[in-house]
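Asker: Heads up, the sequence shown stops at 445 in this note's numbering, and the numbers go up one at a time, no gaps.
Pasting in a structure now, in structure tokens, and then I'll have a few things to ask.
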Amino acid sequence: MTTESPPGLEDLDLSELDFWARPLDERMAAFAALRAREHPVFFPELSVPLVPAGKGYWALVRHADVSEASRHPDVFSSEPSATTIPDLPAYMGRYFGSLINMDDPRHAKIRRVVSRAFTPKMLAKTEDDVRRRAVRIVDELIESGPGDFVAKVAVRLPVEVICDMLGIPERDYARVIARTNVILGNSDEEYTGVSPDRIDRFTMARALFRIVRAARDLHRLAARLGRERVKNPTDDLTSALVNANVDGERLTTRELGSFFLLLVVAGNETTRTALSHALKLFTDFPEQRRLLLEDFHGRIGGAVEEIVRYATPVIFMRRNVTRDHEMNGHTYHAGDKVLLFYNAANRDEAVFTDPDTFDITRTPNPHVGFGGPGPHFCLGANLARREISIMLEELFTRLPDIHASGEPDRLLSGFINGYKRLPCAFTPPA
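Printed below as a string of structure tokens:
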């Protein structure tokens with residue numbers, strides 16, 4: 016196995032933060048070049064102070080590779096970690112060891128505990144709440160006037176909905192947003208002090224402390240709510256978790272905290288990022304906006320899928336090879352790490368016609384923006400679809416000319432394709 020840079024891509028290193036600071040079109044061109052190669056490319060891991068580094072990982076950038084690896088968790092395992100390139104040190108793993116980093120059978124058993132809350136029947140009940148919140152958010156946007164779309168709209172709806180599902184009181188919403196910003200913005204200077212030219216031991220120590228402190232605070236919130244629900248069960252997700260029986264045992268306080276953290280973080284980030292990108296996309300491609308508004312209810316379903324494909328809120332997940340395995344002409348060995356680059360798979364020319372074109376009428380649209388097929392497909396995908404649909408309907412019905420009035424302030428991350436801020440403008444209704 017070689018760790019040398021491939022011919023023609025000598026300057027490309029997906030592990031370097033500098034790469035993720037490049038303009039989006041440059042990054043997507045780099046992934047197109049990787050897809051054009053005969054075999055996946057191996058990248059060495061970045062050496063990060065205070066975090067044990069491995070040898071590196073194979074970058075899976077084709078739709079076929081990402082999909083097939085997702086279908087075979089017995090070979091491409093989520094353990095010990097699916098969300099970080101290095102294995103987390105013990106002092107961090109205790110906070111992030113949720114079901115996203117588990118394989119079956121325990122993954123399936125714990126997932127079933129909360130899956131009832133995401134069934135079509137339960138989501139139908141949630142829809143009225145989502146719509147009420149969307150109406151109030153647009154009311155308050157109109158009252159306050161143009162400004163930051165992320166803070167005023169995109170972040171609010173999914174955070175409020177998932178917090179309500181978990182039984183988190185409204186007074187803690189801002190706390191949840193602040194903590195999840197740090198956890199998901201762990202490589203952005205605004206949240207942790209890390210930047211492409213600041214990855215020294217002191218900066219990393221401070222960043223890791225901030226990340227652990229944010230995670231610990233969410234664990235404490237979960238523990239407090241958990242104690243309350245043990246004494247007084249309700250119909251929220253926290254009650255379902257603390258009163259669940261998994262293999263004859265209750266979840267430990269640590270397991271509860273990790274699962275709670277996952278739901279809070281994952282329950283808001285995809286929708287938040289997709290909504291932010293949606294406003295920018297419909298501003299940049301006005302003909303797609305006209306198409307949508309000509310037949311909103313007939314086209315919103317396809318529009319949501321195309322927003323998620325084009326934006327791909329979650330850029331990658333990691334898998335860990337359990338045994339020697341040949342897939343699509345390439346042999347992987349036990350102990351190898353692979354990264355499933357959903358953003359690259361969603362622009363694969365072998366699957367999508369004109370993949371760099373934003374087209375809300377695209378059909379079929381087998382994107383992997385909610386993850387690949389298999390047991391780790393996004394549990395909240397249908398909830399996210401409804402949130403995005405309802406929010407866009409409320410916005411475009413009441414503020415038909417709302418648009419991005421400037422460029423986004425992008426999150427510096429190789430994991431989340433997020434906007435920190437996006438200015439918006441609109442004509443107030445008469």
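Heads up, the beta-carbon is just placed ideally off N, CA and C, and yes, glycines get one too.
Would you give the residue range spanned by the alpha helix (DSSP H) that Leu-236 belongs to?
Answerer: Stepping through the sequence shown from its first residue, residue 236 is reached at position 221. 216-246 is the span of the alpha helix (DSSP H), which, as asked, contains Leu-236.
Asker: I'd like the list of long-range same chain contacts for Pro-390, defined as Cβ closer than 7 Å, with 5 residues on each side in sequence excluded.
Answerer: Stepping through the sequence shown from its first residue, residue 390 is reached at position 375. Only Pro-88, Asp-119, His-122 and Ala-123 meet the Cβ criterion.
Asker: Which residue comes first and which comes last in the alpha helix (DSSP H) that contains Arg-42?
Answerer: As a position in the sequence shown, residue 42 is number 27, starting the count at 1. Arg-42 -> alpha helix (DSSP H) spans 39-50.
Asker: Can you tell me whether Ala-255 is buried or exposed? The criterion is at least 16 other CB atoms within 10 Å of its CB, across all chains shown.
Answerer: Numbered from its first residue, the sequence shown carries residue 255 at position 240. Classification of Ala-255: buried, given that the 10 Å Cβ count is 16 or more.
Asker: Does Gly-108 come out as helix, strand or coil in the three-state DSSP assignment?
Answerer: On the sequence shown, residue 108 is found 93 positions in, with the first residue counted as 1. Three-state DSSP puts Gly-108 in a helix.
Asker: Only counting the same chain, and skipping five residues up and downstream in sequence, which positions put a Cβ closer than 7 Å to that of Ile-198?
Answerer: By one-based count along the sequence shown, residue 198 stands at place 183. Same-chain partners within the cutoff: Ile-226, Ala-229, Ala-230 and Val-280.
Asker: Considering Cα atoms alone, identify which of Arg-338, Arg-265, His-382 and Tyr-357 is closest to Val-319.
Answerer: Within the sequence shown, the letter at position 304 stands for residue 319. With distances taken between Cα atoms, Val-319 lies closest to His-382.
Asker: In the DSSP output, what is Tyr-347 paired with across the bridge?
Answerer: To locate residue 347, count along the sequence shown from 1; it is residue 332. Partner(s): His-340.
Asker: Count the other CB atoms within 10 Å of the CB of Thr-288; is the residue buried (16 or more) or exposed (fewer)?
Answerer: Your numbering for residue 288 matches position 273 in the sequence shown. Thr-288 is buried by the Cβ-count criterion.
Asker: Compute the Euclidean distance between the alpha carbons of Tyr-206 and Ala-419, then round it to the nearest angstrom.
Answerer: Along the sequence shown, one-based indexing puts residue 206 at 191. Along the sequence shown, one-based indexing puts residue 419 at 404. One C-alpha to the other measures close to 24 Å.
Asker: Below 8 Å between beta carbons: does that hold for Leu-398 and Thr-141?
Answerer: In the sequence shown, residue 398 corresponds to position 383, counting from 1. In the sequence shown, residue 141 corresponds to position 126, counting from 1. Yes; because the gap between Cβ atoms is below 8 Å, this pair is in contact.
Asker: Rounded to whole angstroms, how far is the Cβ of Leu-240 from the Cβ of Ala-132, which I believe are closer than 8 Å?
Answerer: Position 225 of the sequence shown, counted from the start, is the residue given in the question as residue 240. Position 117 of the sequence shown, counted from the start, is the residue given in the question as residue 132. Actually they are not in contact, since the Cβ atoms of Leu-240 and Ala-132 sit about 15 Å apart, beyond 8 Å.
Asker: Of all the alpha helix (DSSP H) runs that stay within the bounds of the segment 140-198, which reach a length of 4 or more residues?
Answerer: With a minimum length of 4 residues, the continuous alpha helix (DSSP H) runs that stay inside the segment 140-198 are 171-181.
Asker: Are the Cβ atoms of Phe-441 and Asp-424 separated by less than 8 Å?
Answerer: Here residue 441 refers to the residue found at position 426 of the sequence shown. Here residue 424 refers to the residue found at position 409 of the sequence shown. Contact: no.
Asker: Considering only DSSP beta bridges, list what Arg-334 is partnered with.
Answerer: Along the sequence shown, read from residue 1 onward, the residue named residue 334 stands at position 319. Per DSSP, Val-353.
Asker: Mapping DSSP to helix, strand and coil, what is Ile-405?
Answerer: Start at 1 with the first residue of the sequence shown, and residue 405 comes out as number 390. Helix, per DSSP.
Asker: Taking buried to mean at least 16 other C-beta atoms within 10 Å of its own C-beta, is Asn-343 buried or exposed?
Answerer: Residue numbering aside, residue 343 sits at position 328 when the sequence shown is read from its first letter. Its Cβ having fewer than 16 others within 10 Å, Asn-343 is exposed.
Asker: Using 8 Å as the cut-off, can you tell me whether the segment 322-336 makes contact with the segment 62-71, which would need three or more C-beta pairs spanning the two stretches below that distance?
Answerer: Short answer: they don't touch.
Asker: Answer with yes or no whether the minimum CB distance from Thr-378 to chain D is below 8 Å.
Answerer: Absent here is chain D; the protein component of the structure consists of one chain.
Asker: By alpha-carbon positions, which one of Arg-216, Glu-321, Phe-58 and Ala-238 ends up nearest to Arg-400?
Answerer: To locate residue 400, count along the sequence shown from 1; it is residue 385. The option with the nearest alpha carbon to Arg-400 is Glu-321.
Asker: With distances taken between CB atoms, is the gap from Ser-113 to Gly-386 smaller than 8 Å?
Answerer: For the purposes of this step, residue 113 is taken as residue 98 along the sequence shown, with counting starting at 1. For the purposes of this step, residue 386 is taken as residue 371 along the sequence shown, with counting starting at 1. It is not a contact, given that the beta carbons lie outside the stated cut-off.
Asker: Which word fits Thr-17, buried or exposed, when buried means at least 16 other C-beta atoms lie within 10 angstroms of its C-beta?
Answerer: Taking the sequence shown and counting its residues from 1, the one referred to as residue 17 is at position 2. For Thr-17, the predicted model reports a pLDDT of 40, less than 50, meaning its position is unreliable and no value from the coordinates is stated.
Asker: So Trp-35 packs on Leu-427, CB below 8 Å; how close in whole Å?
Answerer: Within the sequence shown, the letter at position 20 stands for residue 35. Within the sequence shown, the letter at position 412 stands for residue 427. Yes, Trp-35 and Leu-427 are in contact; Cβ-Cβ is about 6 Å, under 8 Å.
Asker: First and last residue of the beta strand (DSSP E) that includes Pro-370?
Answerer: Here residue 370 corresponds to residue number 355 of the sequence shown, with the count starting at 1. Run containing Pro-370: none; DSSP gives neither H nor E here.
Asker: So, with DSSP's three-state summary, where would you put Phe-441?
Answerer: For the purposes of this step, residue 441 is taken as the residue at position 426 of the sequence shown. Residue state, collapsed to three classes: coil.
Asker: Considering only residues of the same chain and omitting the five flanking positions on each side of Gly-317, which have a CB-CB separation below 8 Å?
Answerer: For the purposes of this step, residue 317 is taken as residue 302 along the sequence shown, with counting starting at 1. Ile-375, Thr-376, Arg-377, Thr-378 and Asn-380.
Asker: Name the DSSP beta bridge partners of Gly-71, please?
Answerer: Residue numbering aside, residue 71 sits at position 56 when the sequence shown is read from its first letter. Bridge partners of Gly-71: Pro-59.
Asker: Please report the distance separating the alpha-carbon of Glu-204 from that of Asp-310.
Answerer: Along the sequence shown, read from residue 1 onward, the residue named residue 204 stands at position 189. Along the sequence shown, read from residue 1 onward, the residue named residue 310 stands at position 295. Near 42 Å, if we compare the C-alpha coordinates of Asp-310 and Glu-204.
Asker: Using a Cβ-Cβ cutoff of less than 8 Å, which residues in the same chain neighbour Pro-444 once the five nearest sequence positions on both sides are dropped?
Answerer: Position 429 of the sequence shown, counted from the start, is the residue given in the question as residue 444. The residues are Ile-157, Arg-413 and Leu-414.
Asker: Taking 8 Å as the threshold (C-beta atoms), are Val-66 and Pro-95 in contact?
Answerer: As a first step, residue 95 is located in the sequence shown; it is residue number 80 there, counting from the start. As a first step, residue 66 is located in the sequence shown; it is residue number 51 there, counting from the start. Result no, Cβ atoms of Pro-95 and Val-66 do not sit closer than 8 Å.
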